[in-house]
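Numbering (full-length UniProt numbering), first residue to last: 1 to 273.
What follows is a short report on a single structure.
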């Protein structure tokens, strides 16, 4: 599949945190579009995708000269009050384009000099370990949230064939932990998983956030329903997992291994600090 890359000059990078991200002062997206192209991605049904006229996952806008712009915006916003940033809300900051473009790395370099009060890095990519040197400089002002929707890679490949394998993400979490980087796992969305899932996660991460389509797609599951995701569950004979209460199965399993305070649900799990 060919990917359409375009270079754009952004007018702004820091956007006001609203809705699900109301706990943050700002969201920050180094790219527009995402070539992981996960089938369940709610952004498929948002204006940024719908108005593009191209299939989600086949195009990426690269925000050039972002570092200089972020420096100006951070200095300005820090004068107004606390700055807490969610990176990223509608794209993966470590998608394949980042290997070459290093937009995300350039933004982290800025944030080590003009530090926000808190930064959450949301990704599913092992590439994040490349930037351990910068993440360490942010100390307790940063948390890396690694998406691990399931422990079953055959399930992952059914729903998001272009996304990194589960084991690669687990290995990345281990490296981040060894480097002293604050981390969490985001089981988001909740995909079918096994009873062994908690034991896979326990050695590499202390904090677990669980979020599903019905809590996390910004429309109480309506956007996901429009994507036909229920059919993907039925193809695998896992239709029971496509249910507003299914997340409780995973939450119960996690609480058998983790203390109650280390298992968080939906918005609470992504909150700053």
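Cβ atoms here follow ideal geometry from the backbone N, Cα and C, with glycine treated the same way.
Environment of residue i [buried if 16+ CB atoms lie within 10 Å]
{"i": "residue 169", "result": "buried"}
{"i": "residue 179", "result": "exposed"}
{"i": "residue 261", "result": "exposed"}
{"i": "residue 4", "result": "exposed"}
{"i": "residue 244", "result": "exposed"}
{"i": "residue 7", "result": "exposed"}
{"i": "residue 268", "result": "exposed"}
{"i": "residue 64", "result": "exposed"}
{"i": "residue 125", "result": "buried"}
{"i": "residue 89", "result": "buried"}
{"i": "residue 182", "result": "buried"}
Own chain partners of residue i with C-beta closer than 7 Å, once the 5 adjacent residues on each side are dropped
{"i": "residue 238", "result": "192"}
{"i": "residue 271", "result": "23"}
{"i": "residue 104", "result": "30, 93, 94, 98"}
As assigned by DSSP and simplified to three states, the class of residue i
{"i": "residue 186", "result": "strand"}
{"i": "residue 236", "result": "coil"}
{"i": "residue 27", "result": "strand"}
{"i": "residue 36", "result": "coil"}
{"i": "residue 94", "result": "coil"}
{"i": "residue 5", "result": "strand"}
{"i": "residue 114", "result": "coil"}
{"i": "residue 241", "result": "helix"}
{"i": "residue 14", "result": "strand"}
{"i": "residue 86", "result": "strand"}
{"i": "residue 257", "result": "coil"}
{"i": "residue 181", "result": "coil"}
{"i": "residue 80", "result": "coil"}
{"i": "residue 45", "result": "helix"}
{"i": "residue 64", "result": "coil"}
{"i": "residue 52", "result": "coil"}
Same chain, Cβ closer than 6 Å to residue i, five either side skipped, listed in chain order
{"i": "residue 277", "result": "Only positions 1 to 273 of the chain appear in this structure, which leaves residue 277 out of reach."}
{"i": "residue 108", "result": "131, 134"}
{"i": "residue 84", "result": "24, 25, 117, 118, 272"}
{"i": "residue 110", "result": "67, 70, 71"}
{"i": "residue 254", "result": "198, 208, 263"}
Closer than 7 Å to chain C by CB, residue i
{"i": "residue 205", "result": "The chain inventory of the structure shown lacks chain C, comprising one protein chain alone."}
Sequence-distant residues of the same chain with beta carbon closer than 8 Å to residue i, five excluded per side
{"i": "residue 246", "result": "190, 212, 240"}
{"i": "residue 137", "result": "112"}
{"i": "residue 87", "result": "27, 28, 29, 30, 93, 104, 107, 119, 120, 121, 122"}
{"i": "residue 203", "result": "174"}
{"i": "residue 77", "result": "14, 25, 26, 83"}
{"i": "residue 236", "result": "155, 158, 192"}
{"i": "residue 19", "result": "218"}
message: Check whether the segment 236-254 and the segment 186-205 are in contact - that is, three or more C-beta pairs closer than 8 Å.
response: yes
The segment 89-106 contacting the segment 35-47, beta-carbon criterion three pairs below 8 Å: yes
message: Quick check on the DSSP output: what are the complete alpha helix (DSSP H) runs of length 4 or more inside the segment 119-166, in order along the chain?
response: 132-138, 153-159
field: Ordered list of beta strand (DSSP E) runs contained in the segment 194-232, each at least 3 residues
entry: 208-210
query: Pairing CB atoms from the segment 38-56 with CB atoms from the segment 210-230, are three or more of them under 8 Å?
result: The segment 38-56 vs the segment 210-230: in contact.
task: Please determine if the segment 153-164 and the segment 48-55 are in contact, where contact requires at least 3 C-beta pairs separated by less than 8 Å.
output: no
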